[in-house]
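Note sheet for the following structure.
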DNA sequence: CATGAATGAGCGTTCATTCAT
DNA sequence: GATGAATGAACGCTCATTCAT
């Protein structure tokens with residue numbers, strides 16, 4: 001995870017100030033536009049919002065996924081760091097899991113269209129998928145494992161699986177006051193405490 | 001072409017069987033393309049897949065919603081009829097609910113990609129949403145009410161809510177062997193048996 | 001929003017040369033295509049004629065009316081300025097009117113096919129109509145009023161009416177050497193000197 | 001050329017009653033649709049209005065011009081016959097001309113889009129043009145000649161020219177209460193009484 | 001480096017015309 | 001003959017992406 005603490009790394013650390021500034025302007029603009037129009041917003045809108053040319057967007061973020069990843073990196077890292085912290089501070093691992101999922105939902109729900117972009121079949125977003133998987137899934141798995149080890153939930157589902165479920169439940173939440181993803185996510189997580197329905201998960205009745 | 005001096009061998013069709021056949025071809029093609037490209041797939045692709053001209057698609061299904069509803073209709077009606085039947089035949093209402101949800105998932109997952117159509121923010125599909133809501137939601141609600149009345153689950157979620165959750169969990173399942181929507185749905189339904197987490201839904205832990 | 005503490009003072013920079021050139025190319029191409037195919041010509045044709053992509057047309061002229069108005073503008077303004085000038089320089093107001101109508105016809109006939117755009121029932125060209133009405137009609141009316149005040153013609157027709165008549169007479173003149181719009185326009189204007197046919201205009205002989 | 005070998009004469013007389021009836025139904029339907037949607041109305045609309053299949057329209061009227069000619073044949077012939085009659089009944093030839101033009105305008109104005117279809121540059125309507133020219137132009141010329149012979153108008157314009165001018169003035173009259181084609185036509189005809197503007201027609205003031 | 005003009009593939013949709021039934 | 005299903009060219013328009021300035 002390329003920590004560029006100083007300018008001596010072999011990677012191209014941003015040299016010029018104005019370039020870095022432009023990049024930040026772009027990130028801010030993209031974040032703002034993502035809120036308004038979702039992560040599939042026209043590149044033009046982002047450039048316009050940033051007050052830069054379209055070419056500049058492409059220079060800094062060759063693909064849309066690059067931009068999305070960059071925009072949300074900070075939030076993702078917050079989530080990543082929250083995992084161990086919650087585990088340490090919560091009375092039970094299950095509590096920590098609940099709270100961590102809450103954070104994840106907060107994140108997804110406030111980022112218009114992000115949950116949809118995370119869907120596996122969203123071609124061209126492999127970079128984004130990979131980033132999420134690499135960074136968040138281990139944390140989620142750790143929380144699940146801890147809760148399972150404590151006997152608070154049944155094991156049988158992986159962190160990535162759960163995250164994808166949560167992510168999917170968050171799709172389409174914005175713009176629809178009638179849809180409450182948190183209630184559904186709460187149900188999903190609560191379901192972890194129930195014993196697995198006999199045969200349901202693995203066999204689901206089809207030979 | 002069609003030198004019809006002699007008996008046309010394939011003229012067995014008395015009426016416009018070819019038309020009905022074309023319609024079915026279109027439905028099949030649409031279902032298939034929906035799997036590949038989602039319900040927003042270009043009309044051209046559907047026409048190409050069906051091996052017909054674009055105009056033919058429009059003739060049979062003037063709007064995209066017409067096509068989607070038609071693709072859905074049969075399975076929806078099967079689900080609708082299954083509701084009361086399961087309630088009558090299952091030992092408990094919760095069992096009936098579980099099984100009914102299984103059917104619903106089977107439906108969504110079998111007709112790959114169609115789950116995406118249920119997402120609220122899919123502009124222009126109000127007709128489709130309405131069709132689903134009108135036909136399926138009452139059945140789901142009935143099952144939920146029965147289970148709640150029997151004390152088997154806690155009440156607090158509507159049939160439509162649950163269906164949307166299940167639907168969302170089924171999105172993106174196709175083409176991804178690593179994603180098991182049934183396991184997640186099982187979790188979701190199992191969660192109904194747990195008491196609602198105190199404050200989870202409404203407060204979700206924001207300090 | 002781009003805190004521009006320093007730096008680029010590019011504001012109000014004149015447009016790039018190639019851009020202006022492209023715009024002119026587009027105007028020329030549009031005028032030419034309008035001759036051939038009328039103002040409803042496919043945007044693609046105009047783009048092709050100009051040797052640019054379709055997007056370029058839309059960039060410079062977001063709506064078709066914008067393009068047409070731009071094509072017209074120069075000639076319209078010439079006509080507008082000619083009105084008072086002719087009134088000042090001609091021996092009689094009627095002479096001025098005659099000459100002004102000549103200019104108008106020259107304009108319409110020179111820019112072949114553009115006369116069709118003036119027809120009222122040309123849906124979606126309200127902007128164009130408005131532009132013409134706002135700019136030219138007052139001039140024509142002024143000339144008519146002057147001639148009427150001088151007793152050289154009978155009053156009873158408005159400037160806009162006359163212009164629409166002249167415009168219509170110019171429609172379809174191109175590509176048809178047998179059609180002489182000037183002769184007909186001359187007749188129309190000459191008719192202004194005749195006393196109104198009793199009842200002709202208003203009752204037109206229907207019992 | 002499928003000459004039926006049996007009894008049917010090859011003469012122009014429509015053979016079967018139902019065929020003739022269909023043709024008439026089509027003409028009525030076309031007339032009605034032309035009023036509503038103009039002579040460029042979709043063929044489908046006409047077929048639907050007639051309650052026949054599209055193919056039937058094409059069988060009877062291979063081109064749109066054929067249909068238009070057939071629909072308006074009766075009115076055209078009325079105009080044709082009115083020429084000599086007016087000449088005989090009116091006090092002056094000019095009066096007859098005025099009245100005949102009135103009839104012509106009545107005809108054009110009530111047939112939505114017909115005037116536009118008569119415009120020379122309306123490709124594919126040669127049949128229609130020819131029909132009008134062959135049938136109406138001689139009558140108009142006759143009236144002009146009579147009036148010129150009587151010294152009531154100056155000669156110098158042909159019947160066809162005048163008709164085209166009148167036709168053009170009638171374009172776009174429908175749907176626009178502000179446009180009064182009759183007033184303009186009256187002006188045009190009145191202009192015939194004025195001496196030709198010296199040089200106007202041929203030189204139109206360009207040195 | 002930054003710019004934004006230019007490009008053109010791609011989409012929904014209409015409708016004249018053909019041709020199998 | 002009659003039918004109307006099928007066809008596909010054509011159009012307006014959008015927007016991701018490239019590239020000359």
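Chains as they are written, first to last, in UniProt numbering: chain A, 1 to 207; chain B, 1 to 207; chain C, 1 to 207; chain D, 1 to 207. Even glycine gets a Cβ: it sits at the ideal position worked out from N, Cα and C. These numbers come from a predicted model, not from an experiment.
Just checking my contact of residue i with residue j at CB under 8 Å: how many whole Å lie between their CB atoms?
i, j, result
"residue 71/D", "residue 30/D", "5 Å"
"residue 191/D", "residue 187/C", "4 Å"
"residue 35/A", "residue 104/A", "The Cβ separation is near 18 Å, so there is no contact."
"residue 65/A", "residue 57/A", "The pair is not a contact, with the Cβ atoms about 13 Å apart (cut-off 8 Å)."
"residue 101/C", "residue 189/C", "6 Å"
"residue 171/A", "residue 171/B", "7 Å"
"residue 22/B", "residue 43/B", "The pair is not a contact, with the Cβ atoms about 15 Å apart (cut-off 8 Å)."
"residue 18/A", "residue 33/A", "That pair is no contact at about 22 Å."
Thinking C-alpha only, which one of the options is nearest residue i?
i, options, result
"residue 75/C", "59/C, 38/C, 106/C, 127/C", "106/C"
"residue 84/C", "161/C, 189/C, 144/C", "144/C"
"residue 49/B", "56/B, 55/B, 26/B", "26/B"
"residue 179/D", "115/C, 55/C, 168/C, 174/C", "168/C"
"residue 195/C", "160/C, 177/C, 152/C, 163/C", "152/C"
"residue 113/B", "111/A, 114/A, 120/A, 110/A", "120/A"
"residue 161/D", "142/C, 67/C, 140/C, 183/C", "183/C"
"residue 20/A", "43/A, 60/A, 54/A", "60/A"
"residue 93/B", "154/B, 17/B, 127/B, 164/B", "154/B"
"residue 99/A", "86/A, 181/A, 18/A", "86/A"
"residue 157/C", "89/C, 124/C, 33/C, 140/C", "140/C"
"residue 130/B", "164/B, 170/B, 185/B, 173/B", "164/B"
"residue 173/B", "146/B, 17/B, 38/B", "38/B"
"residue 148/D", "43/D, 95/D, 73/D", "95/D"
"residue 142/D", "22/D, 116/D, 88/D", "88/D"
"residue 118/D", "90/D, 69/D, 17/D", "69/D"
"residue 28/C", "90/C, 111/C, 54/C, 44/C", "111/C"
"residue 159/B", "97/B, 78/B, 73/B", "97/B"
"residue 62/A", "127/A, 80/A, 122/A, 45/A", "127/A"
"residue 138/C", "67/C, 79/C, 54/C, 73/C", "79/C"
Could you pull the start and end residues of the alpha helix (DSSP H) that residue i belongs to?
i, result
"residue 45/A", "43-50"
"residue 91/A", "Segment: none, residue 91/A is in no alpha helix (DSSP H) and carries neither H nor E."
"residue 24/C", "17-37"
"residue 58/A", "54-60"
"residue 182/C", "181-191"
"residue 134/B", "126-135"
"residue 161/D", "159-170"
"residue 116/A", "114-118"
Note down, in chain order, all residues in the region 39-50 of chain C with a beta-carbon under 9 Å from any beta-carbon belonging to chain D.
none
Of the residues that make up the region 118-137 of chain B, which ones have a beta carbon closer than 7 Å to any beta carbon in chain A?
119, 120, 121
According to a CB-to-CB cut-off of less than 9 Å, which residues of the region 179-191 of chain D neighbour chain C?
179, 180, 181, 182, 183, 184, 185, 186, 187, 188, 189, 190, 191
If contact means a Cβ-Cβ distance below 8 Å, which residues of the region 51-64 of chain D contact chain C?
none
Listed from N- to C-terminal order along the chain, which residues in the region 23-39 of chain B have their beta-carbon within a distance smaller than 7 Å of any beta-carbon of chain A?
none
Members of the region 66-84 of chain B that neighbour chain A once the beta carbon cut-off is set at 7 Å
none
So if I threshold CB-CB distances at 7 Å, which residues from the region 141-157 of chain D count as touching chain C?
157
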